[in-house]
Structure formats: structure tokens, C-alpha cells
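Peer 1: FYI, in numbering that gives the first Met the number 0 the residues of the sequence shown are 0 to 239. Where a beta carbon is used, it is the ideal one built from N, C-alpha and C, also for glycine.
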Amino acid sequence: MQIGTAASRSPSRLEIVTAYAGRSPRYWDLEAPGVLTHLAAGSEGIALTVDFCGGPGGNDYDLALITALRDRYIPATLFLNSRWITANLETARQLAADPLFELANHGTSHLPLSIAGKSAYGITGTQNPGEVYDEVMSNTSVLAQLTGISPRLFRPGTAYLDEVAADIVKALGMTPTGFSINADGGATYPAATVASETIKARSGDIIICHGNHPGSGTAEGLIRALDTIAARGLLFVHLD
Numbered sequence: 000m001q002i003g004t005a006a007s008r009s010p011s012r013l014e015i016v017t018a019y020a021g022r023s024p025r026y027w028d029l030e031a032p033g034v035l036t037h038l039a040a041g042s043e044g045i046a047l048t049v050d051f052c053g054g055p056g057g058n059d060y061d062l063a064l065i066t067a068l069r070d071r072y073i074p075a076t077l078f079l080n081s082r083w084i085t086a087n088l089e090t091a092r093q094l095a096a097d098p099l100f101e102l103a104n105h106g107t108s109h110l111p112l113s114i115a116g117k118s119a120y121g122i123t124g125t126q127n128p129g130e131v132y133d134e135v136m137s138n139t140s141v142l143a144q145l146t147g148i149s150p151r152l153f154r155p156g157t158a159y160l161d162e163v164a165a166d167i168v169k170a171l172g173m174t175p176t177g178f179s180i181n182a183d184g185g186a187t188y189p190a191a192t193v194a195s196e197t198i199k200a201r202s203g204d205i206i207i208c209h210g211n212h213p214g215s216g217t218a219e220g221l222i223r224a225l226d227t228i229a230a231r232g233l234l235f236v237h238l239d
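#1: Would A200 be called buried (16 or more neighbouring beta carbons within 10 Å of its own) or exposed?
#2: From this set, E89, P74 and C52, which residue's C-alpha is nearest P98's C-alpha?
#3: Quick one: which unbroken alpha helix (DSSP H) runs of 4-plus residues sit fully inside the region 116 to 154? Chain order, please.
#4: Report, in whole angstroms, the separation of the C-beta atoms of V131 and A103, which I expect to be a contact under 8 Å.
#5: In chain order, what residues of the same chain lie with their CB nearer than 6 Å to the CB of G57, ignoring the 5 residues before and after it?
#6: Whole angstroms are fine: how far does the CA of I15 sit from the CA of R8?
#7: Using the C-alpha atoms, what's the distance from L29 back to G185?
#8: Is G3 helix, strand or coil when you go by DSSP?
#9: When DSSP labels each residue in this structure, what does A218 get in the three-state scheme?
#10: Could you pull the DSSP bridge partners for A50 from this structure?
#11: Look at H162 and P24 and say whether their C-beta atoms are less than 9 Å apart.
#12: Over the uninterrupted alpha helix (DSSP H) stretch that includes A67, give me the two end residues.
#13: Start and end of the beta strand (DSSP E) containing V168?
#14: Should M0 be labelled buried (16 or more other beta-carbon atoms within 10 Å of its own) or exposed?
#15: Quick one: any contact between the region 115 to 129 and the region 71 to 85, if contact means 3 or more CB pairs under 8 Å?
#16: Please classify A91: does DSSP put it in a helix, a strand, or coil?
#17: How would you label A5, buried or exposed, when you count the other beta carbons within 10 angstroms and need 16 or more for buried?
#18: Which first and last residues belong to the alpha helix (DSSP H) in which V236 is found?
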């Protein structure tokens, strides 16, 4: 069955379920085929991505981090989860209105994206193609209402996915997105480690960090590193 392309409507849930029924994934990790982990070859920029995961203990807002990016005119791609948007609707609207940031899809319930119920970090993933569709598209609708356009990038909760789920994301008109540098270990690293990991970035890298844990070392460590990277003459860019 041929399903929707970027130039046409997104396929329906039934079309996805029918098209991907019976597929058996062989891969389960962070870099399934087709997942964006680096910028295009020859890119001279570094992409900073910030996840806002939402849910119990995850609905906070790291104002210091966002303020630091604004003060330095550093663009970033913000992956917002539906639960975080619901808990921070006015803040989400302000971020959507700021051209320094592009908003991307971080799922509806922050689930790993599996068609077989695989788990990551103790979180059980989606169970089948229909649940993959729900996890992606429910938040697509939320983001489209917030920004006026459909998101073009998707990162699953935990960033884990199989290759069939990655294909479904692409069929829905989005690019599954990973990273090449984990700056803050899910907002668990101290500031010194965040800084040392971020400073490793070179042209073409995609950095992941988190903007929903203001008590973590993320903001302080990132600020140190951003100033060092800027002094090296490297530029930050939105994801291509």
C-alpha cells in the first residue's frame, strides 16, 4: 500500500496499521536506520536540541537555560512533549513565538517508539503500529494548534526506537531525530560534566539536553560550554 507523502495528507491511523502489520523489527536502540544523528555532510554548524519531557516530576521549566540562549542569540530546536505543553501552555506559546527557537515533537506520553512493546530505562514503549501513530500524531495536533504548522521533527521519549517505528515517523511526514552528543544524561549530570560533554561538539554534531529540570546541572554546565564553543568561532544552527 502506498501511503501519504510530504506533499499530500498524512496517512490515517488505519492506513498505518494496515501498511505496517506483520513487520518484525530487528533493531532496538538510539540510531535506527533513517534517524537523524548528525547534520548534513559539510554542515559548518552545531545543532542544540532541548527536550521538555513532561509528566510527573518533568513539567518544570528551566528559565535560566532559555534565558542564556536568548542572551547569546543561540538558536535551538525544542522538542516538546504533549504533557509538558499542557502544563506550561503560556510558556509554550511564548517559545513558539520566538524565532530563535523551532518547536519539534517529543511525543504524547513520552514513550519509547516500538511496534513490539520494547522498554528503555524502565519505560515500556508503544505496543504496535497503531500506538506508534497515536504517540506521534496526538502531539502533532497539539503542536500544529500551537504554531500553525505541523512539526517536521520527532524524537521519541528516551530517544529509543526500532526501524519500523522510524519508518512510520517518516511516513507521517517527520524526520526521526536522535543526537550525537548527550550533554546532560537526561538532566542527571553535574554542571562540570555537562560542560565537558558539550565542549566536545564539532561541526555537524547534534547535542541533546533537557529544559525541564531547573534544579539540575544542565543550565550552568551548558552556559560554560556555549561560551567556550563561541570563542572557537563555531556557530549554532537549527536542525536542517
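Peer 2: Looking at the atomic coordinates:
#1: buried
#2: P74
#3: 128 to 146
#4: Actually they do not touch by this definition, with Cβ atoms about 17 Å apart.
#5: Once the five neighbours on either side are set aside, the close Cβ partners of G57 are N211.
#6: 13 Å
#7: 14 Å
#8: Only weak support is given to the placement of G3: the predicted model assigns it a pLDDT of 48, under 50, and the value that follows is read from those uncertain coordinates. Here G3 sits in coil by DSSP.
#9: helix
#10: Per the sequence presented here, residue 50 reads as Asp, with Ala not at that position. F78 and H209, per the DSSP bridge assignment.
#11: In the sequence under discussion, the amino acid at residue 162 is Glu, which differs from the His named in the question. Cβ atoms of E162 and P24: closer than 9 Å.
#12: L62 to D70
#13: Run containing V168: none in the beta strand (DSSP E); it sits in the alpha helix (DSSP H), E162 to A170.
#14: Unreliable positioning characterises M0 in this predicted model, as indicated by a pLDDT of 35, which lies under 50. The coordinate reading is nonetheless provided below. Exposure of M0 is indicated by the presence of fewer than 16 other C-beta atoms within 10 angstroms of its C-beta.
#15: no
#16: helix
#17: Residue placement at A5 cannot be trusted, given a pLDDT of 41 that sits under 50; what the coordinates show is reported in the next sentence. It is exposed - the Cβ of A5 has fewer than 16 other Cβ atoms within 10 Å.
#18: Run containing V236: none in the alpha helix (DSSP H); it sits in the beta strand (DSSP E), L234 to V236.
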